[in-house]
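Inspection log for the structure reproduced underneath, given as structure tokens.
There are 2 protein chains.
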Amino acid sequence: MRNIIDELTSALGPAKIAVDPATLAAYAVDQAPVLDYQLPQAVVRAESVADVQATVRACAARGVALVARGAGTGVSGGAHASEGCVVLSLERMNRILDLNPDDETAVVEPGVINADLNAAAADHGLMYAPDPASFKMSTIGGNVATNAGGLRCAKYGVTRDSVLALDVVLADGTLIHTGHQTFKGVAGYDLTGLFVGSEGTLGIVVGVTVRLKYLPREVHTIAAFYPDFRSAAAGVLAVGKARVQPAIMELLDGGSLAQLDDIHGSDLAARGASLLLIQTDGFGAAAEAAAIRPVLAAGGAVVTMEANAEAEQLVELRRNSRGTEVDDEYRVGEDVAVPRSRLVDYVAELEAIAAEHRVQLKVVAHAGDGNLHPTFWIDRVDNAVDADAMARLGAALDKSIAVALAMGGTITGEHGIGQYKLRWLGLEQKEPVRELQRRIKELFDPAGILNPGKAI
Amino acid sequence: MRNIIDELTSALGPAKIAVDPATLAAYAVDQAPVLDYQLPQAVVRAESVADVQATVRACAARGVALVARGAGTGVSGGAHASEGCVVLSLERMNRILDLNPDDETAVVEPGVINADLNAAAADHGLMYAPDPASFKMSTIGGNVATNAGGLRCAKYGVTRDSVLALDVVLADGTLIHTGHQTFKGVAGYDLTGLFVGSEGTLGIVVGVTVRLKYLPREVHTIAAFYPDFRSAAAGVLAVGKARVQPAIMELLDGGSLAQLDDIHGSDLAARGASLLLIQTDGFGAAAEAAAIRPVLAAGGAVVTMEANAEAEQLVELRRNSRGTEVDDEYRVGEDVAVPRSRLVDYVAELEAIAAEHRVQLKVVAHAGDGNLHPTFWIDRVDNAVDADAMARLGAALDKSIAVALAMGGTITGEHGIGQYKLRWLGLEQKEPVRELQRRIKELFDPAGILNPGKAI
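Going down the list, the sequences are from chains A and R. Residues in the first sequence are numbered consecutively from 5, following our numbering. Residues in the second sequence are numbered consecutively from 5, following our numbering.
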């Protein structure tokens, strides 16, 4: 039998196979901390469903692990290379195959960039709702693999809620179609939902049918600056009690504001110690904003209505609040979610954890969903840190997870388990549930070649 | 080994076990046409999770089929008794265990009536969004089993979109918990979604955590009467093109209006040959209604804004449009969905099919979702019909399904496959997809005791 590289080169042609060290290194990791660095044997850049099927079959025949990826913007290590694997990039499968403005649906290849789909939909007064912060770079296929969330999920739902149907290449190379082209459909088991969020461990998504929503004609943006973080978190609950559903409700602590000012030259930290950024949209946007403002003011906020240019800039700053750094073992962004009523308690706990373990902390949150992204880090001196600092960082992370779970939360609201969060999964899910998932994995991928060691 | 009835009586106490003929007959069927009438051996009325576990274990030990049911309002035969089965009624497990107005979630037992949960939620300005026409009788557990839809799905989603977590008793009696208490959560595979809509074939749902939405403070209702059914269907597309999202968009043909007038003494048929009934809700309700009205008028409708009392009555009439009759082999209500752009074409096809096969037809539709409920029937003379009429009815049904599929539709938008629609499932789903589902069933229920012969 030929080796895997020869076989792939023969089947797909040399232009789609890369084995040079620079490419292998570029495709070895996504944006998550790395626990087990591995270089792939080869990178396949598929251009068609047939390319994907040929790649899967070649790997299956040789028992070679196959790690599918989109743009590699994930932050849980779902696309990190496994030992001896082939990485299958779907970036070149980037065509919008159909966009039907009357059906309010689109059919796309997995490599279509989220923002590109939105731009095409906007021409028809439509939008693809899920908007992870990475939406200008990340692919729909990657969004599907992680069941990505984003800023406007509280009102419009997560990726799962916008996916109607999938084309999937199974571990033996078979192509199947799941789901329905219609908004509703309940024939048989929900295989579509099973593939969404499965991080390429059950099959390779090669086509996605999505439902589009109406692009709101009117958007109002409220910036509420608070004297402290906990009051801002309380503002989230107050808006909920007023029973108004914003499209976006983002919470930023003082550390996040200071960092944004550093990078962008803004003056956010001068305006308050914490920011609650709210957007309402649609026909009720003005009335909703009017209902929200007094509620926030009553909670101690300095409330401004932002003109469109400033508002867009603020939301843009929020989307970029991860900064330019990529996480590593010294700087870890978390992704817990807690029931909304526990937001204020959890924020207080985070501050206490950072103080107790003497680690740095900044927090942003998709607050409408109770989904928090605390980033813990330790300072590096000449790129070196001591073992004690590393231990303190690890302890702070573990504590932040344990506290979220004790409050009825989850260890991952939208980033996925990937490789990095596997260590905590057993704290959230009991053995019978984990065993069921292992057996589902075995059913779909008996040889275990699809993205081994991830997700479950 | 004791027989199953003795075992259940011993384990649960005689008050929870019924074997009298009247009870067995009452629990033998749901509201669907019956293809294979069977009486259960016994009916268990569980009052606790432990009761369910004991029942499952007793059936598993003896290889006895177990058919779980809520209120029995399903219309696909998902709760029809199987040969020699025990029916497990969950009606007595009807407690709302928790309703947290700050988390905007509730935890309920499966036997809670949909309307009761809504009444409890309304006290806090909240609602449970999925509203099948049966919502005054049907249970949350039954809604979960069928992934029930309803009138306001186009805006608020189907049952799946409101379910966060489940407690499920597996086929061996093990109790598991799936999902998350938070709005978002992506840890592991989506087992929750797999159980939703699985019609009791993968496990018995004994607890449901749901997300609640905000009860709209303002609702506007528009009645648009059209001179013919196709123009009314075109009105649905026109509202979509205007990019306005109503909460409810229901379409009724002339036959449905005449039947409602017969039963309720209303004067709907005198007002037009077809009715498009639209509700907008929330802060933008008035503006949305104002945007919709001229769009409908331009399409030939006589448009009225309905005062609240009349509007509620109209929506109520629509909810009761199935009439008082239960479907049987002479009168079959369908549940196809088509891509929205095909609504007008499909409505035209339905009228042609009824004429060609000389069968009666009336149609209502959750038009915003492209989900249609045509009812085909043949007249009975002295309760007798001839074989030719039966053949014509069958041919009309088959044709209506084939045409929907050819348009990219599905054979069931919200009712489920149950027993009745199994004959058409192979037309919609190809063999590899069906085989995957069989293997999932085998994984969860290797002995095949859970609601055999349904759903897949």
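Backbone N, C-alpha and C fix where the C-beta goes; we use that ideal spot for every residue, glycine too.
Every unbroken alpha helix (DSSP H) within the region 337-403 of chain A, with a cutoff of 4 residues, ordered by chain: 347-361
Classify A:LYS217: buried if its beta carbon has 16 or more other beta carbons within 10 angstroms, exposed otherwise. buried
Under three-state DSSP, which class holds R:HIS84? coil
Using three-state DSSP, classify R:TYR160 as helix, strand or coil. Look at R:TYR160 here: in three-state DSSP terms it is helix.
R:THR186 touches chain A at which residues, Cβ-Cβ below 7 Å? Those are ALA341, VAL342, PRO343, GLY374, GLY413, THR414 and GLY417, listed as they occur along chain A.
Tell me which residues of the region 245-278 of chain R have at least one Cβ-Cβ distance to chain A shorter than 8 Å, keeping chain order. Within the region 245-278 of chain R, the qualifying residues are LYS245, ARG247, VAL248 and GLN249.
Just the Cα atoms here: how many angstroms apart are R:LEU195 and R:ASP165? 14 Å
Among the candidates A:ALA352, A:GLU316 and A:GLY374, whose CA atom is the shortest distance from the CA of A:ARG344? A:GLY374
Sort A:VAL243, A:ASN7, A:ASN122 and A:ILE180 by Cα distance to A:LEU300 and report the nearest one. A:VAL243
How would you list, in chain order, the residues of chain A whose beta-carbon sits under 8 Å from the beta-carbon of R:TYR218? ARG247, VAL248 and GLN249
Between R:GLY337, R:LEU174, R:SER404 and R:GLY146, which lies nearest to R:THR163 when the distance is taken from Cα to Cα? If we check each option's Cα against that of R:THR163, R:GLY146 comes out closest.
With a cut-off of 7 Å, does the C-beta of R:SER142 fall near any C-beta of chain A? no
Taking only the alpha-carbon atoms, compute the straight-line gap between A:GLY76 and A:HIS84 and give it to the nearest angstrom. 9 Å
From the DSSP output, in three-state form, read off R:ASP285 for me. In the structure shown, R:ASP285 falls within a strand segment according to DSSP collapsed to helix, strand and coil.
Counting only beta-carbon separations shorter than 7 Å, does R:PRO3 have a partner in chain A? Within the shown structure, residues of chain R are numbered from 5 to 460, placing residue 3 of chain R beyond reach of any answer.
Near A:ALA262, what residues of its chain come up, given a Cβ to Cβ distance below 7 Å and the 5 sequence neighbours on each side ignored? The beta carbon of A:ALA262 sits closer than 7 Å to the beta carbons of ALA273 from its chain, once the five residues preceding and following it are set aside; these are given in chain order.
Neighbour list for R:ASN151 in chain A, Cβ cutoff strictly below 8 Å: Result: VAL190 and ASP194.
Please confirm if R:ALA291 has its CB atom under 7 Å from at least one CB of chain A. yes
Hey, is A:GLY269 close to the ligand ADP, as in C-beta under 6 Å from one of its heavy atoms? Absence of the ligand ADP from the depicted structure is noted, as is the absence of any ligand whatsoever, leaving it without description.
Across which residues does DSSP place A:SER138 in a beta bridge pair? DSSP output for A:SER138 lists no bridge partner at all.
Where A:ASP271 falls, given that 16 or more other Cβ within 10 Å makes a residue buried: exposed
Work out the CA separation of R:VAL60 and R:VAL53 for me, nearest whole Å. Computed Cα separation, rounded: 11 Å.
Run the CB neighbour count on R:LEU168, radius 10 Å, all protein chains shown included, and call it buried at 16 or more, exposed below. buried
How would you call R:ASN118, buried or exposed, if buried means at least 16 neighbouring beta carbons within 10 angstroms? buried
Beta carbon of R:ARG425, beta carbon of R:GLY82: below 7 Å? For the sequence presented, residue 425 of chain R should be read as Lys rather than Arg. Contact flag unset, no.
Can you name the residues of chain A whose CB is closer than 8 Å to the CB of R:ARG234? Under the 8 Å cutoff, chain A gives no residues; its nearest Cβ is about 16 Å from R:ARG234.
Distance between A:ASP102 and A:THR186 (C-alpha atoms, nearest Å): 14 Å
What runs of the beta strand (DSSP E), each 3 residues or longer, lie entirely inside the region 233-268 of chain R? 252-256
Applying the criterion that 16 or more other CB atoms from any shown protein chain within 10 Å of the CB defines a buried residue, is A:ILE267 buried or exposed? exposed
List, in chain order, every chain A residue whose beta-carbon is nearer than 8 Å to that of R:ARG443. LEU447
Any chance the region 297-317 of chain A sits against the region 214-234 of chain A, with 3 or more Cβ pairs inside 8 Å? yes
Please report the distance separating the alpha-carbon of A:PHE199 from that of R:LEU264. The alpha-carbon atoms of A:PHE199 and R:LEU264 are separated by roughly 44 Å.
Taking CB distances under 7 Å as the criterion, tell me whether R:GLY154 reaches chain A. no
Cβ shell of R:ASN3 (< 8 Å), same chain only, five flanking positions each side left out: Since the first residue of chain R shown is 5 and the last is 460, residue 3 of chain R is not available in this structure.
How would you list, in chain order, the residues of chain R whose beta-carbon sits under 9 Å from the beta-carbon of A:SER157? Note that residue 157 of chain A corresponds to Cys in the displayed sequence, not to Ser. The answer, in chain order, is PHE187 and LYS188.
Report back the beta-carbon spacing between R:GLN42 and R:SER86 to the nearest angstrom; my notes put them in contact at under 8 Å. 6 Å
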